[in-house]
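In my numbering, the protein residues as written are 3 to 409.
C-beta: ideal position from N, C-alpha, C; glycine also.
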Amino acid sequence: MTAPAPALSLRESLAERAEERDWAGVEALGGVQVLPPPPGLPGPRTPLWRHALTSWGYLVTGVSELKNSTCGFAQRDGRPHFFKYVGARNAIAELAGYLEFGAAGNRVPTLLSLLRTDAGTVMVYEYLPSMGLGRGTLFDLLCRAERAGTLLPEHEVGPLLDRIRANCARRTVRSSSPIDAFFARRVTERLIPWYVERRRPWLDQPVVVDSVPQPTTLRECLEGTAAYFDGLGPRECVLSQGDFSETNVGRGAVFVDLSNAGHNDVRGELATAFWSLFLGGGYLFPKYHPAAYRWREAPFDGAAPRCATRLDPRTATLHIDLDHRLSPARADLLHRLLDVFTEAFGPELLDRRLAPYLVMRAVGVLDLDTLDPADRAVCTALALRWWNERDDLGTVLRTLIDHGRPR
Ligand SMILES: Nc1ncnc2c1ncn2[C@@H]1O[C@H](COP(=O)(O)OP(=O)(O)OP(=O)(O)O)[C@@H](O)[C@H]1O
Ligand SMILES: [Mg+2]
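Encoded structure:
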């Protein structure tokens, strides 16, 4: 007797219907209107997404070209909307994340329609002033608090942490999760082509971080990280938005950008949030992807880490002294976020298995080869510390957050 096939998840069922081009099925299962490609051809210089929006009665009022999407604002019947043009598969993934994450009591903007085109899909959402031009994303809130030297207002940070705490109670053990796209999958998509296949001299350089000689080179750290993700089995997963960053969360604990929302590898989730709040979201991403910040507050200019490097010509050793002082607002939020996760999962969440996830964030979001040498040195120092001090990561993370400040 054959065992019954396991029930498909909502994500898989939606993907299956979309694969079969059963759009009525997608609409029925997702509860979101799916419109066909509009009749008529766009003008020679009109992109498909704009043609779809105008054909269905929207007036485009703002556009931003991002790394993964074209997004912007559009009016219809006097009401503002947010739109996002993504690949057809990505739209179905985001629909699935939206449904699963929203059904668990998380605040998300209402997804109103999917406008299909012959290439991608325009997702039309309810416009949220806080996430749009109202400057209420976590990025905006942090920039203002950082400039003022204060903590985030408690009525903002409390509800956000409460939501994350409630989501941490929704635990399962799974052998794959949407967020694997940022970890196991990036080993082959990024780690190998970006670093292993390139012969950059700095990969094999001996490194001393804050006077501590590192027992491995960056190449050895990356090889160990790649090996960890090879055939990773069942893991603790938790309900999450799946791409925690300051621009994906906003005032009133609202979450957007849900293509990886669902039950996610908890260490991946924690590493993503840590990296964003510690260095990526306040400094690296605004510096290297400024287009994504055109509707946001000006970045806090005290966010840059201080970092001194010196090459010892005798031994070809790179000495990196890292002095990254977090603002009170970021330090407080990070400590409290770590508290939420460790209260839910115990201190063993910060065991050595977290190190490969942290390393992947430090080297797998931005290509280190394209960064200023000082920024590359910061990422190198952090990746090496996390890898080489992985038996005491709890202390390492808390010490990094507290650097230069009494607690
Ligand atoms: N419903 C909404 N109303 C107003 N603004 C929104 C809404 N949803 C998202 N935004 C704004 O648009 C930005 C981009 O949206 P989103 O993150 O979904 O796109 P993305 O292509 O996945 O971007 P990235 O890859 O840069 O995170 C958000 O950071 C937010 O500032
Ligand atoms: Mg986003």
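Heavy atom of ligand 2 within 7 Å of residue i beta-carbon
i      : result
Asn250 : yes
Asp259 : yes
For residue i: DSSP bridge partner residues
i      : result
Asn262 : Note: Asn262 sits in no beta bridge, so no partner.
Tyr87  : Thr72 and Val124
Gly252 : Thr139 and Val256
Pro82  : Gln77
His238 : What sits at residue 238 in the sequence shown is Glu, not His. Glu238 is bridged to Val175.
Leu220 : Answer is none; Leu220 lacks a bridge partner.
Any non-hydrogen atom of ligand 1 within 7 Å of residue i CB
i      : result
Asn169 : no
Gly134 : yes
Cys223 : no
Glu67  : no
Cys309 : no
Glu128 : yes
Cys145 : no
Asn70  : yes
Cys73  : yes
Phe231 : no
Phe84  : yes
Pro111 : yes
Trp25  : no
Ala294 : yes
Trp2   : No information on residue 2 is available, as it lies outside the stretch 3 to 409 that the chain covers here.
Trp204 : no
Trp297 : yes
Thr63  : no
Thr139 : yes
Which of helix, strand or coil DSSP assigns to residue i
i      : result
Leu130 : coil
Asp245 : coil
Val211 : strand
Leu2   : Outside the modelled stretch of the chain, which goes from 3 to 409, sits residue 2, for which no answer is possible.
Thr382 : helix
Leu431 : Outside the displayed span of the chain (3 to 409) sits residue 431, for which this structure offers no information.
Leu368 : coil
Ser11  : coil
Gly226 : helix
Arg269 : helix
Thr311 : strand
Glu67  : strand
Leu61  : strand
Phe185 : coil
His291 : coil
Glu191 : helix
Leu373 : coil
Trp297 : coil
Glu18  : helix
Arg316 : coil
Phe231 : helix
Phe276 : helix
Asp206 : helix
Arg387 : helix
Ala54  : helix
**Item:** Unbroken stretches of the beta strand (DSSP E), 3 residues or longer, contained in the region 20–50
**Value:** Runs of the beta strand (DSSP E) inside the region 20–50: 35–37.
**Prompt:** Counting only runs that start and end within the region 318–358, where is the alpha helix (DSSP H) found for 4 or more residues in a row?
**Reply:** Those alpha helix (DSSP H) runs which fall completely within the region 318–358 and span 4+ residues are 330–347.
**Ranges of the beta strand (DSSP E) found wholly within the region 91–179, counting only runs of at least 3** = Listed in chain order, they are 113–118, 122–128 and 173–176.
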